[in-house]
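Engineer: Residue numbers for the sequence shown follow UniProt numbering, so the first one is 1 and each next one is one higher.
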Amino acid sequence: MSDPVKSATGQGSRRAAQARATRRRIIDAARELFLRQGYASTTLDQIAAAAGVAVQTVYFHFGNKATVVKEIVDVLAVGDDEPIPMLDRPWVEQVRDEPDGRRALAIWLANSRVIFGRVAPIMKIVRDAAGADAEMAAQWETNQNQRFLAHDTLARHLADKQALRPDLSIDEAADVIFTLVSVEVYLLLTGVRGWTPEEWERWINKILSATILR
Numbered sequence: 001m002s003d004p005v006k007s008a009t010g011q012g013s014r015r016a017a018q019a020r021a022t023r024r025r026i027i028d029a030a031r032e033l034f035l036r037q038g039y040a041s042t043t044l045d046q047i048a049a050a051a052g053v054a055v056q057t058v059y060f061h062f063g064n065k066a067t068v069v070k071e072i073v074d075v076l077a078v079g080d081d082e083p084i085p086m087l088d089r090p091w092v093e094q095v096r097d098e099p100d101g102r103r104a105l106a107i108w109l110a111n112s113r114v115i116f117g118r119v120a121p122i123m124k125i126v127r128d129a130a131g132a133d134a135e136m137a138a139q140w141e142t143n144q145n146q147r148f149l150a151h152d153t154l155a156r157h158l159a160d161k162q163a164l165r166p167d168l169s170i171d172e173a174a175d176v177i178f179t180l181v182s183v184e185v186y187l188l189l190t191g192v193r194g195w196t197p198e199e200w201e202r203w204i205n206k207i208l209s210a211t212i213l214r
């Protein structure tokens, strides 16, 4: 005789997995559409059709187009849809635990290159839409705030390792990192000037090491 509790638990797990797979399919379809035709020109109906679901399903999971963009940014920033914040990821722990400041900075920037490679194209769309769309402006501001928090955390890790220049405060170091390790600078060099991501990483490592490290 089957256990009704185990049966219900199994069904719940399957439903949760199916819902997660549906959300990811919608996110992937929306990302492709946004990159191909822009934010304003993309509709929820088009996203639903590309994902192979009813538009009501898109509304159920996300509510509106701006939330779809937010979810895309969140997934691309960390590389998956696991509910683990970026600052709790293993590579950030590696930065924290690395005793040498220069090696810690290199680890951070190597991972930043990977993250920007995923997220920069969609963030360019958010930035370009922000001037005419209040929700995209709010998304851009949220991303900037999150990015500053991350770089403030890095500055504090470097300070704990006694790696910052003695004439530089933690706040000043965080501001410098926030300014230089940005989507804007990354897009200027890789998108406008034709640098490879690896060239960007080498340059930003050299500039930051000379600017903030002792």
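The beta carbon of each residue, even a glycine, is placed where N, CA and C say it ideally should be.
Bear in mind that the values here come from a model prediction, so they are computed numbers and not experimental data.
Can you give me the start and stop residues for the alpha helix (DSSP H) that residue 144 sits inside?
Structural biologist: Here residue 144 refers to the residue found at position 144 of the sequence shown. Note, residue 144: alpha helix (DSSP H), 134 to 160.
Engineer: Any idea which residues DSSP pairs residue 213 with across the strands?
Structural biologist: The residue given as residue 213 occupies position 213 in the sequence shown. Looking at the DSSP assignment, residue 213 forms a beta bridge with 164.
Engineer: Less than 9 angstroms between the beta carbons of residue 181 and residue 151, yes or no?
Structural biologist: Position 181 of the sequence shown holds residue 181. Position 151 of the sequence shown holds residue 151. Yes, the Cβ-Cβ distance between residue 181 and residue 151 is below 9 angstroms.
Engineer: Is residue 125 helix, strand or coil when you go by DSSP?
Structural biologist: For this step, residue 125 is matched to residue 125 along the sequence shown. In this structure, residue 125 counts as helix in the three-state DSSP scheme.
Engineer: Alpha carbon to alpha carbon, what distance is there between residue 201 and residue 37?
Structural biologist: Here the question's residue 37 lines up with position 37 in the sequence shown. Here the question's residue 201 lines up with position 201 in the sequence shown. When rounded, the distance between both Cα atoms is 29 angstroms.
Engineer: Taking only runs that begin and end inside the UniProt domain "HTH tetR-type" (20 to 80), name each unbroken alpha helix (DSSP H) of 4 or more residues, in chain order.
Structural biologist: Listed in chain order, the complete alpha helix (DSSP H) runs (minimum 4 residues) inside the UniProt domain "HTH tetR-type" (20 to 80) are 44 to 51, 55 to 62, 65 to 78.
Engineer: Quick check: the region 124 to 140 against the region 28 to 43, are there 3 or more CB pairs under 8 angstroms?
Structural biologist: Yes, the region 124 to 140 touches the region 28 to 43.
Engineer: Taking the alpha helix (DSSP H) that residue 179 falls in, what are its first and last residues?
Structural biologist: Counted from its first residue, the sequence shown places residue 179 at position 179. 170 to 180 is the span of the alpha helix (DSSP H), which, as asked, contains residue 179.
Engineer: Can you tell me whether residue 82 is helix, strand or coil according to DSSP?
Structural biologist: Reading the sequence shown from its first residue, position 82 is the one you call residue 82. Of the three classes helix, strand and coil, the one that applies to residue 82 here is coil, per DSSP.
Engineer: Since residue 177 and residue 208 should fall inside the 8 angstroms C-beta cutoff, what is the C-beta to C-beta distance between them, to a whole number of angstroms?
Structural biologist: Against the sequence shown, residue 177 aligns to sequence position 177. Against the sequence shown, residue 208 aligns to sequence position 208. Going by Cβ atoms, the distance from residue 177 to residue 208 rounds to 7 angstroms, so yes, they are a contact pair.
Engineer: What separation, rounded to the nearest whole angstrom, lies between the Cα atoms of residue 160 and residue 47?
Structural biologist: Along the sequence shown, read from residue 1 onward, the residue named residue 160 stands at position 160. Along the sequence shown, read from residue 1 onward, the residue named residue 47 stands at position 47. In a straight line, the C-alpha of residue 160 is about 46 angstroms away from that of residue 47.
Engineer: Which residue comes first and which comes last in the alpha helix (DSSP H) that contains residue 216?
Structural biologist: Missing from the structure shown is residue 216; the chain here goes from 1 to 214 and no further.
Engineer: Taking residue 74 as the reference, give the member of 143, 30, 43, 105 with the closest Cα.
Structural biologist: To locate residue 74, count along the sequence shown from 1; it is residue 74. The shortest C-alpha separation from residue 74 is found at 143.
Engineer: Relative to the C-alpha of residue 79, which residue among 193, 116, 104, 105 is closest?
Structural biologist: Position 79 of the sequence shown, counted from the start, is the residue given in the question as residue 79. Residue 116 is the option with its Cα nearest to residue 79.
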